[in-house]
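Residue numbers for the sequence shown follow my numbering, so the first one is 7 and each next one is one higher. For each residue, glycine too, the CB sits at the ideal point set by N, CA and C. Model, not experiment: these values are computed from the prediction.
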Amino acid sequence: MNGTGYLSIKALHVIAVIAWYAGLFYIFRLYVYHVQKRSEPAVTATLEVMERRLIRAIMTPAMVVALGAGTAMLVMNPSLLKMPWMHAKLGAVFFLLGYHGLASWTRKKFLKGEYVLSETACRWINEVPTILLLIIVIAVIVRPGM
Numbered sequence: 007m008n009g010t011g012y013l014s015i016k017a018l019h020v021i022a023v024i025a026w027y028a029g030l031f032y033i034f035r036l037y038v039y040h041v042q043k044r045s046e047p048a049v050t051a052t053l054e055v056m057e058r059r060l061i062r063a064i065m066t067p068a069m070v071v072a073l074g075a076g077t078a079m080l081v082m083n084p085s086l087l088k089m090p091w092m093h094a095k096l097g098a099v100f101f102l103l104g105y106h107g108l109a110s111w112t113r114k115k116f117l118k119g120e121y122v123l124s125e126t127a128c129r130w131i132n133e134v135p136t137i138l139l140l141i142i143v144i145a146v147i148v149r150p151g152m
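The structure is reproduced here in C-alpha cells:
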C-alpha cells in the first residue's frame, strides 16, 4: 500500500482513538452518578441506558476500529515493533483494554444491583485513562529511547 493508504489508516486510527477516549473519560463519571443515585430507580434506569449506549455504540466499536487500524499499521510497518516507544505505547494500550473490560464488568454488576465500587473508587478509576494518555502521547511524540 502506498504512503497515502498508510496515512489514511493512521487518520482512521487517531479518529477512533479519540472516540474511544471520549467514552473512556465519561463512563466512570456515569458510574459516580449511578452510585450516588442508586436509591432512585428512575434515575438509575436512565443512567443504565446511557451506560449501555456509551459502551455498545461508542466505546466498543471505536476500540475495535482503533485496534484494527493500529494493527494494520504495524503489519504495514513491522519495524515499529522494534522501537522502545512502541513497547511503552502497547503496554499502555494493554492497560486501556483492561480499563475497558473493567467498565463493562462494572456495568453488569450495577445492573444486578451489586455496587462493587464506591463513589470514591469510581472517581479515582476515572483518572486512569488520563495517565495512560500521557504515557501514550509522550511515547509517540517524544519517542524516548530513540
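Our two residues, residue 9 and residue 104, have alpha carbons roughly 33 Å apart in a direct line. Comparing alpha carbon positions, the residue from 44, 17, 16 and 12 closest to residue 124 is 44. Listed in chain order, the non-local C-beta contacts of residue 39 below 7 Å within the same chain comprise 53, local neighbours out to five positions each way being set aside.
Boundaries cannot be given for residue 133, as no alpha helix (DSSP H) includes it and DSSP labels it neither H nor E.
When DSSP states are grouped into helix, strand and coil, residue 71 belongs to the helix group. By the 16-neighbour rule on beta-carbons within 10 angstroms, residue 11 is exposed. Residue environment analysis places residue 75 among the buried positions, since at least 16 neighbouring C-beta atoms fall within 10 angstroms of its C-beta. Nearest neighbour of residue 143 by Cα position, chosen from 70, 57 and 93, turns out to be 93.
For residue 119, there is no enclosing alpha helix (DSSP H), as DSSP gives it neither H nor E. Taking 8 Å as the upper bound for CB-CB distance, residue 30 and residue 135 are in contact here, some 4 Å apart. With fewer than 16 other CB atoms across the displayed protein chains lying within 10 angstroms of its CB, residue 83 is exposed. Of the other Cβ atoms in all chains shown, 16 or more fall within 10 Å of the Cβ of residue 112; this residue is therefore buried. The alpha-carbon of residue 129 is positioned some 34 Å away from that of residue 80. By the C-beta density criterion, residue 57 is buried, having at least 16 other C-beta atoms within 10 angstroms.
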